[in-house]
Amino acid sequence: MDKKFILYGYSSPTDGTWRIDETLFSTGVDYRTKSRYKEYFDCGLNLLMLQGNDPYTGEKWESSQTKKNMDNAYAAGIKKIIIYDKRIFDLSEKSGGIIGKDKDFADEGQLEEFIAFCTRDYSKHPAFYGFMLVDEPRWFQIEALSQIMRAAKKVAPNIFVQCNLLPLYSCNNALYMEKGANQDLCDGFENYIRTYLERSGSDYLLYDSYPMRLEPEKGMFILWHHLTGLQIAADVCREKGVKFYFVCQATALYIDGKIRFRSCGEDDMRWQLNCVLAFGVKSVAYYTYWHKQQNGFEFGIHTDGTAFITSDGVRTALYAVMKKLHGEMQVLAPYLLECEYEDSGYRTSFFKTPEALSGMERRKFDGIRSLEMEENTAVVITRLRHKPGGETVYCLFNANDPEGEFSGEKKIRVIFAGKLIKTFSLKKPGGIDISESEFTLKAGDSAFFEVKE
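Be aware that the sequence shown starts at 468, since it is given in the numbering used here, and climbs by one per residue.
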């Protein structure tokens, strides 16, 4: 079987409606068709996630919209589908668990029977892959979703239970753990993801982080939480022996009437993808593929035309960009999927460490004998291990903002302690020019180096 990254987008093809608060808009066209799912698949997205706009509530399966969507998507070539079973999803939102006295289920056996009952029809569909749970769970929801994940694995070990956690972010302290408002932010985030992994028994970690910012007070910048969170999470994934998955930013968003998340072009998307691949991420999702249907006070206003597809079904420039980038990613997938993260740090030639790297630990890399870079360059370093042969793989990622003052190419000179075997990058999978140990990286680009130590 070909080894490929699992790629998918939030907000898949819609029924043609969207909202701003309580006002409903409609194109009068249902886009949940074979042709629109094939368009999704043709962009390189190989997993479909049906969210709350397409719930399954236990209605007659054969005539349900969920089955119709799955049939259309499967006919379009999509072989993996995550569904939104509202009965299970609603349980995952509950505080304090769902098993025990005065709870929804008396014991684990009852919960297992319930999940077997809920999944009895759609689990037989050839494209069924799994179901999703509450998005960005708070600390008080971890027990319930963990009980569901453990029960699902007993009912059907191959079911994928999708659960996307909170990112490292300054306002999340109180959401990570009980009485956590005054704790150290990074410690709180680490405790939160450890607690989730230990209680749920999940074999992967997934969270979202949207770093490409444009705010009235600061202009263009990269959120410092992003790289720091990746370092913390990758360290925990290495320790726990679990896979690392990620949700990237693919829309502009206004919150409280002010722009916060900027529109992402090719350079911004390259920055995000090169960044997460450096940390050993094995699956990438995007927020969002289609213009998000829910907008307003609670969700913010998603700028129509900045996702892959507009609300009325028109491809944006981002669609073509991502189709190209996904093609590049899958060329490297057979190799990178065999690499496991070991360590990360950074080096910079700025007089002061840039804000985007300010929360990271610098760390030492004995396998790099020397590293020189042009002034005003910030480089993230990760060390991976190519498992089949045991070779060390270093990734050097130019973390400068592609929309910032220092977005151009920067000269970098690196000498490794071991023998350099091969080099490659997304743009140049066949090898990069490293004559006299020197090469260039544009902001957001990265280069991989396989070294025999």
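All C-beta atoms in this analysis are idealised placements derived from N, C-alpha and C, irrespective of residue type, glycine included.
Predicted model, so just to flag it, every value in this text is computed and none were measured.
Item                                                                                                   : Value
Of the listed residues LEU635, GLU706, LEU694 and GLU684, nearest to GLU665 (C-alpha basis)            : GLU706
Integer-rounded CB distance, given that LEU512 should sit under 8 Å from GLY476                        : 6 Å
Residue nearest to THR755 in terms of C-alpha spacing, selected from CYS862, SER825, VAL748 and THR773 : THR773
N- and C-terminal bounds of the beta strand (DSSP E) containing GLN716                                 : 710–716
Element boundaries [beta strand (DSSP E), containing ASP675]                                           : 671–675
Whole alpha helix (DSSP H) elements within the segment 633–661, 4-residue minimum                      : 640–643
Pairwise C-alpha distance: PHE764 and ILE722                                                           : 8 Å
Status (buried if at least 16 other CB within 10 Å, exposed otherwise) for ASP552                      : buried
Alpha helix (DSSP H) runs wholly inside the segment 716–802, at least 4 long, in chain order           : 733–745
Member of VAL748, SER874 and GLN518 whose CA lies at the smallest distance from the CA of LYS909       : SER874
Exposure of ARG848, with buried meaning 16 or more beta-carbon neighbours within 10 Å                  : Inspection of the sequence shows that residue 848 is occupied by Ile rather than by Arg. Answer is buried; the Cβ neighbour count reaches 16.
8 Å Cβ cutoff met for PHE688 and ASP482                                                                : no
Own chain residues within Cβ distance below 7 Å of ILE609, not counting five before or after           : THR662, TYR663 and ARG666
Same chain, Cβ closer than 8 Å to CYS806, five either side skipped, listed in chain order              : GLY747, LEU851, ARG852, HIS853, LYS854 and VAL860
Beta-carbon proximity of VAL622 to PHE598, cut-off 8 Å                                                 : no
Cutoff 7 Å; reference HIS793; Cβ partners in own chain excluding five residues on either side          : LEU474, CYS510 and GLY511
Alpha carbon of CYS585 to alpha carbon of ARG503, nearest angstrom                                     : 28 Å
Cα-Cα separation between GLU575 and LYS919, rounded to whole angstroms                                 : 49 Å
Beta-carbon proximity list for THR907, same chain, < 8 Å, skipping 5 on both sides                     : GLU876, LYS877, LYS878 and ILE879
DSSP bridge partner residues for ILE555 (one or two, in chain order)                                   : Partner(s): none; ILE555 has no beta bridge.
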